[in-house]
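Each residue of the sequence shown is one higher than the one before, starting from 282 at the first, in this note's numbering.
Cβ atoms here follow ideal geometry from the backbone N, Cα and C, with glycine treated the same way.
These numbers come from a predicted model, not from an experiment.
Notes follow the structure.
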Amino acid sequence: MNWRFIFFLSPIGVLMGALLVKGIGNPWIIIFWTLFGLLTAYMLSRYIPEKWFPTALAIGTLWGIFHNILESIFFDTYLVNNEGYTQVLSNPNWIRARYWVLLTGPIVGLGTGFLIAIFTWLLKKVVAVKTD
Numbered sequence: 282m283n284w285r286f287i288f289f290l291s292p293i294g295v296l297m298g299a300l301l302v303k304g305i306g307n308p309w310i311i312i313f314w315t316l317f318g319l320l321t322a323y324m325l326s327r328y329i330p331e332k333w334f335p336t337a338l339a340i341g342t343l344w345g346i347f348h349n350i351l352e353s354i355f356f357d358t359y360l361v362n363n364e365g366y367t368q369v370l371s372n373p374n375w376i377r378a379r380y381w382v383l384l385t386g387p388i389v390g391l392g393t394g395f396l397i398a399i400f401t402w403l404l405k406k407v408v409a410v411k412t413d
């Protein structure tokens, strides 16, 4: 795995968490996640010839962790600025909503990592991005 590449891209999770805490919601948050995911997949396919799959998983997982840590820290502001999430986060009765957000970060991040890996694979195989 390319740890410099991973740590270079991991602040995107912090940025996205800050945007969501500030109230930048749908559709912009989805557009930004998609753009960052595609850009990361392109960079992986172009500059990381080996071990790109675990690198993609690590990047996505760190994005999810950092994103949800920020949401959990500023949970009250997050709920005030994103009124639609209040009912969604009231569903789990066995855990407080703040901890539920914190718990789901690595899981959603791992899924994001898989999507980045799929995009990377497609770019490597279908588009045949030239690697240096």
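Taking the alpha-carbon of W284 as reference, which of I305, V302, A337 and G318 has the nearest alpha-carbon?
Working through the sequence shown from its first residue, we reach residue 284 at position 3. Nearest of I305, V302, A337 and G318 to W284, Cα basis: A337.
Using the Cα positions of I354 and K303, report the straight-line distance between them to the nearest angstrom.
To locate residue 354, count along the sequence shown from 1; it is residue 73. To locate residue 303, count along the sequence shown from 1; it is residue 22. Taking the straight line joining both Cα atoms gives about 13 Å.
Compute the Euclidean distance between the alpha carbons of I329 and I310, then round it to the nearest angstrom.
On the sequence shown, position 48 is the one that residue 329 refers to. On the sequence shown, position 29 is the one that residue 310 refers to. Going by the C-alpha atoms only, they are around 27 Å apart.
Between which two residues does the alpha helix (DSSP H) containing L404 stretch?
Position 123 of the sequence shown, counted from the first residue, corresponds to residue 404. Run containing L404: none; DSSP gives neither H nor E here.
Relative to the C-alpha of G394, which residue among A299, L404, W381 and T321 is closest?
Here residue 394 refers to the residue found at position 113 of the sequence shown. For the residues A299, L404, W381 and T321, the minimum Cα distance to G394 belongs to T321.
Spatial neighbours of G306 within its chain, please: CB distance less than 6 Å, with the 5 preceding and 5 following residues excluded, ordered by chain position.
In the sequence shown, residue 306 corresponds to position 25, counting from 1. Answer for G306: N363, listed in chain order.
Work out the CA separation of F347 and L301 for me, nearest whole Å.
Residue 301 sits at position 20 when you count from the first residue of the sequence shown. Residue 347 sits at position 66 when you count from the first residue of the sequence shown. Going from the Cα of L301 to the Cα of F347 covers about 12 Å.
Which residue wins for smallest C-alpha separation from F313, given the options G294, I399 and E331?
Counting from one through the sequence shown, the residue named residue 313 turns up at place 32. The candidate whose alpha carbon is nearest that of F313 is G294.
Going by beta-carbon coordinates alone, are L290 and I340 separated by less than 8 Å?
Here residue 290 refers to the residue found at position 9 when the sequence shown is read from its first residue. Here residue 340 refers to the residue found at position 59 when the sequence shown is read from its first residue. Yes; because the gap between Cβ atoms is below 8 Å, this pair is in contact.
Let me confirm a value: Y359 is counted as buried when at least 16 other C-beta atoms fall within 10 Å, else exposed. Which label applies?
As a first step, residue 359 is located in the sequence shown; it is residue number 78 there, counting from the start. Flag for Y359 reads buried.
Return the CA-CA distance between Y323 and A378, expressed in angstroms with no decimal places.
For the purposes of this step, residue 323 is identified with residue 42 of the sequence shown, where counting begins at 1. For the purposes of this step, residue 378 is identified with residue 97 of the sequence shown, where counting begins at 1. Approximately 35 Å between the Cα atoms of the pair.
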